[in-house]
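For reference, the structure is listed below as structure tokens.
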Amino acid sequence: MTEVELISACIQNNRSAQRILYDRYKRAMFTLAYRLTSDFDDANDVLQDAFLDVFRKLENFRGESTLGAWIKTIVVRKAYRKLEKPKIWEVVESFDENSLIEWGNSIDAEYLEKAILSLPEGFRTVFILIEIEGYTHRETAEILGISEGTSKSQLFYAKKRLREILSN
Amino acid sequence: MYNLPEYEPNEEVWNSIASKLSEGALQNALERLPSYEPTDAIWSQINDKLSPKTIKFPAWKWVSVAASIAIIMGTFYWLSTDKQQIRYSEERIDKDLLLNPVDDSQQQYEMIVAYCKQQTYVCQNPEFVSLKTELEELNSASKQLKEVVGQYNTEPELMAQLTSIEQQKSEIIRKMAAQI
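These protein sequence lines map, in sequence, to chains A and U. Per full-length UniProt numbering, the very first residue in the first sequence carries number 1; after that it's consecutive. Per full-length UniProt numbering, the very first residue in the second sequence carries number 1; after that it's consecutive.
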């Protein structure tokens, strides 16, 4: 079944097709939801709400992006709303966009994961969207309702904090 | 072609490349980050919420609905059948059967009472007094019977009783008149 056929069947409320679509994206979306919320229970809620939205609004999908990107945006928005106290933007000093951070030769992925989850919400959200999910600063700013400058500064200090954590 | 202009990239492009190159270790680690599998319960909850909710309809409501339908259909049937078959009957009053509104015996009795007020001697005779008492009882019985019969004397047995009472009254009045 092609993606177009799958989408069409899902719009027709074909439950088997909806299950196929869910299985196809559930792992990536659940992982994203978990990283953004840093809580498995919250990630469960986000995933459920997001896929309910996906199946109810799938007829609005125009194919301007991939289906995965469309679903990912829904998950990000749901997770962002899930954060109870969204005072996520850390006050940062002025920074030099071109200053480099030395990361060494190798980083343990499991350790990096824990370090990411320990970041403040603002740092973590921007870092995940840009460095892991591949959004641009413009897209990130649009989704989170912030300026591109804020997105850049949050990312810079997120990396700086990560480096400190990994060094210790 | 060789005269076409050339363009110099902005210095930021190299800075960005240098930055990414220096982040090699980070980018490698990011590609190896773990992923997580949601539990099957999530799909069950999604499935439940996507399914149209069936409204439980109690049995007594079905009975109510069935009864209502039966009443409505019965009413329609009755209206469509009986409406064109209106039955009626007409009754006419037979004047000969009507009771006489003027009671002759009552008038005669009242005349005797008026006479007794003047001629007390005859009226105090024990036989006369007995007749008068019997006549008053028959008058009372006649009055009650007429109330039961009503305006239309359709009960032969009652009419026979009334006739018998009236005959007795006439006989008593005749005896009382003979003494006067």
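All C-beta atoms, glycine included, are put in the ideal place defined by N, C-alpha and C.
CA-CA distance, A158(A) to E5(A), rounds to 41 angstroms. Per DSSP, the unbroken alpha helix (DSSP H) holding F40(A) starts and ends at 40-57.
In this chain, the alpha helix (DSSP H) harbouring E11(U) covers 11-22.
Fully contained in the segment 101-128 of chain U are the following alpha helix (DSSP H) runs of length 4 or more, in chain order: 104-118, 120-123. Taking 4 residues as the shortest admissible run, the segment 79-161 of chain A contains the following complete alpha helix (DSSP H) segments, listed from N- to C-terminal end: 109-117, 121-127, 137-144. With its beta carbon less than 9 angstroms from one in chain U, G104(A) belongs to the interface. For D104(U), the closest of L4(U), E12(U), I173(U) by C-alpha to C-alpha distance is I173(U).
Taking I116(A) as reference, the option from E131(A), E102(A), R62(A), N14(A) with the minimal CA-CA separation is E131(A). Relative to L47(A), the option among L129(A), R77(A), L67(A) whose CA is nearest is R77(A).
Residue burial is scored here from C-beta neighbours: S142(U) has at least 16 other C-beta atoms within 10 angstroms and is therefore classed as buried. Taking 9 angstroms as the cut-off, the beta carbon of A141(A) is found no closer than this to the beta carbon of E133(A). Look at the beta carbons and you see the segment 97-113 of chain A touching the segment 150-166 of chain A: at least three pairs across the two are nearer than 8 angstroms. In this structure, the alpha-carbon of S153(A) lies about 42 angstroms from that of S8(A). If you draw a straight line from the Cα of N10(U) to the Cα of E59(A), it comes to about 43 angstroms. If you check each beta-carbon in the segment 39-54 of chain A against every beta-carbon of chain U, the ones closer than 7 angstroms belong to N44, L47, Q48, F51, L52. In its chain, beyond the 5 residues on either side, L129 have a beta carbon closer than 6 angstroms to the beta carbon of Y135(A).
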